[in-house]
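A.B. asks:
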Amino acid sequence: MPVLLAPDQAPTLQKLLADANTAGLKWQLVDSSDKPEPLIRGLGSLLSAGCDEVSFLANSRLHEQLDQCRAAAVIMTEAACQAYVTPEHSYRIVLCSEPYLMYALLAQWFDQHRLNALNKGIHPSAVVAPSAHVGSGVSIGPMCVVEDDVRIGEGTRLGPGCVIGAGSTLGRDCLLHARVTLYHHVSVGDRAILHSGCVLGADGFGFAPDPRNEAGAWAKIAQIGGVELGNDVEIGANTTVDRGALENTTVGNGVKLDNQIMIGHNVKIGDHTAMAACVGVAGSTTIGSRCTIGGAAMLSGHLVLGDDVHVSGGTAITSNVSKPGRYTGVYPFDEHVQWQRNAAVLGQLSQLRRRVRATEKNKP
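-11 is the number of the first residue of the sequence shown in our numbering; add one for each residue after it.
(1) Taking one C-beta from the stretch 217 to 224 and one from the stretch 234 to 247 each time, how about it: are there three or more such pairs within less than 8 Å?
(2) When the Cα of residue 49 is compared with those of 298, 58, 64 and 42, which residue comes out closest?
(3) Would you please state the rounded distance, in angstroms, between the beta carbons of residue 138 and residue 154? I believe it to be under 8 Å.
(4) Excluding five sequence neighbours on each side, which residues of the same chain lie with their C-beta closer than 6 Å to the C-beta of residue 232?
(5) From the DSSP output, in three-state form, read off residue 332 for me.
(6) Helix, strand or coil: how does DSSP classify residue 44 here?
(7) Quick check on this structure: which residue in 77, 119 and 44 has the alpha carbon closest to the alpha carbon of residue 92?
(8) Would you report the Cα separation of residue 56 and residue 23, rounded to the nearest angstrom?
(9) Classify residue 211 as buried or exposed, calling it buried when 16 or more other Cβ atoms lie within 10 Å of its own Cβ.
(10) Verify the CB distance criterion: does residue 83 have a CB-CB separation below 8 Å to chain D?
(11) Could you check the C-alpha separation between residue 226 and residue 182 for me, to the nearest Å?
(12) Classify residue 340 as helix, strand or coil using the three-state DSSP reduction.
(13) By the three-class DSSP mapping on this structure, what secondary structure does residue 168 have?
(14) Quick one: grab the DSSP three-state call for residue 357.
(15) At the level of alpha carbons, what is the spacing between residue 262 and residue 209?
(16) Mapping the DSSP letters down to three states, classify residue 270 as helix, strand or coil.
(17) Is it true that the CB of residue 133 sits closer than 8 Å to the CB of residue 122?
(18) If I follow the unbroken alpha helix (DSSP H) through residue 7, where does it start and stop?
(19) Measure the alpha-carbon distance for residue 271 versus residue 238 and round it to whole angstroms.
(20) Please classify residue 74 as buried or exposed, where buried requires at least 16 other C-beta atoms within 10 Å of its C-beta.
(21) Could you check how far apart the C-beta atoms of residue 31 and residue 71 are, in whole angstroms? I think they sit under 8 Å.
(22) When you compare the stretch 32 to 40 with the stretch 100 to 117, are there three or more beta-carbon pairs, one atom per stretch, that lie closer than 8 Å?
(23) Where DSSP assigns a beta bridge to residue 62, which residues make up the other side?
(24) For the beta strand (DSSP E) holding residue 202, just list the boundary residues, first then last.
(25) Pull up the distance between the alpha-carbon of residue 278 and that of residue 83, whole angstroms please.
(26) For residue 41, which residues from the same chain have a beta carbon less than 8 Å from its beta carbon, with the 5 sequence-adjacent residues on both sides left out?
(27) Report the option in 302, 298, 215 and 306 whose CA atom is closest to the CA atom of residue 313.
(28) Using the DSSP secondary-structure output, state which residues sit across from residue 230 in a beta bridge.
(29) Would you list the one or two residues that DSSP bridges to residue 250?
(30) Would the beta-carbon of residue 126 fall within 8 Å of that of residue 143?
(31) Starting from the C-beta of residue 157, find all residues in its chain whose C-beta is less than 6 Å away, skip the five residues before and the five after it, and write them out in chain order.
(32) So, under 8 Å CB-CB, residue 258 and residue 284 are touching, yes? Tell me the CB distance rounded to an integer number of Å.
(33) Hey, residue 146 and residue 164 are a contact pair by Cβ (cut 8 Å); roughly how many whole angstroms apart?
(34) Report yes if the C-beta distance between residue 309 and residue 293 is below 8 Å; otherwise report no.
(35) Using a Cβ-Cβ cut-off of 6 Å (strictly less than) and excluding sequence neighbours within five positions of residue 54, which residues of its own chain qualify?
(36) Can you give me the start and stop residues for the beta strand (DSSP E) that residue 196 sits inside?
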């Protein structure tokens, strides 16, 4: 489970595999059964999939579940097929070097089928400015607001309650779930997925000390930059990306941001970087391409992370990282001066250990 299609909508296995976006992915259907080709209504795990669903084996540790599998077909590598499939199996086999990727592509196919079945057009309760340019096949849901000079590309869908600020741009085939907010002059590329509560273009946290009337007071720095997203970006629920103070905050092609992430103003994120939930990135930090940042990691402001840097969950990055690799570390908090002293000592512990061992070895 789940079964996703009604019986009259279900494609044959061969058609499903052909219609999914599997370009560049090599696969082969091994059909040794004399039964009619199955109609596929959904996807399921090895243990839950029924006779009209497709499953997959991506983790070899689950191979014992194949003996109980009742799926119409199972996606697996050729090595897994040779090692684990018994002659008594009832499922068809789809050989693929990347079973997990093929599963993802089939899931996309089913989800696109769901989206295609939804109502299209502009809901009567939506407010769309006369100066907005709405492409063909766009869907704008109930209670949406589309302000002046907005441009929405073909095939894009806005869920209920979305607000698109003046001068903002959405590319082709984007999907905005309910209550997504784009402030003014936010640019989103093609095929973006923005989840509920996502906010792009709120003011960055910029204030100048202003003691003219009262000690400790602040003067707001108007944030006159924007936010620019590349193509194929996905941003999770309640994640915020602040607009730049002067230049744009930029998010590269293929970036994936999980739920409840904070991206500060003037941050730059390189292509295909992914961040897990609750990450905080302070302003003016630059993150390279193909980085991964684990949940609840924190990056101080005005830092540079190079390409292919991987930050473990809960790690605090407080200085530049240029060398590719994985970085992990959490210090207990303390008064700042004492914390700096402790941090400096901890960085020398391995050398101190070697000296102590050498001293003990040389004792008479």
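For glycine and all other residues, C-beta sits at the position ideal for the given N, C-alpha and C. Model, not experiment: these values are computed from the prediction.
C.D. replies: Taking the geometry as given:
(1) Three or more beta-carbon pairs separated by less than 8 Å link the stretch 217 to 224 to the stretch 234 to 247, which places the two stretches in contact.
(2) 64
(3) Contact holds; Cβ gap of about 7 Å.
(4) 213, 253 and 254
(5) Note: residue 332 maps to helix in three-state DSSP.
(6) It is a strand residue.
(7) 44
(8) 19 Å
(9) That one is buried.
(10) In the displayed structure, chain D is absent; only one protein chain is listed.
(11) 10 Å
(12) helix
(13) coil
(14) Lying outside -11 to 352, the shown extent of the chain, residue 357 is not represented and no answer is given.
(15) Looking at the backbone, the Cα of residue 262 and that of residue 209 are separated by about 30 Å.
(16) Here residue 270 sits in coil by DSSP.
(17) no
(18) 1 to 7
(19) 12 Å
(20) exposed
(21) That belief does not hold up - the Cβ atoms of residue 31 and residue 71 are roughly 23 Å apart, past 8 Å.
(22) no
(23) 43 and 81
(24) Taken as a continuous stretch (DSSP letters only), residue 202 belongs to no beta strand (DSSP E), as it is neither H nor E.
(25) A direct Cα-Cα distance of roughly 28 Å separates residue 278 from residue 83.
(26) -11, -9, 28, 29, 30, 31, 32, 59 and 60
(27) 298
(28) 190
(29) 228 and 268
(30) In this structure, residue 143 lies closer than 8 Å to residue 126 by Cβ.
(31) 139 and 175
(32) 21 Å between Cβ atoms; not a contact.
(33) 5 Å
(34) yes
(35) 72
(36) 195 to 197
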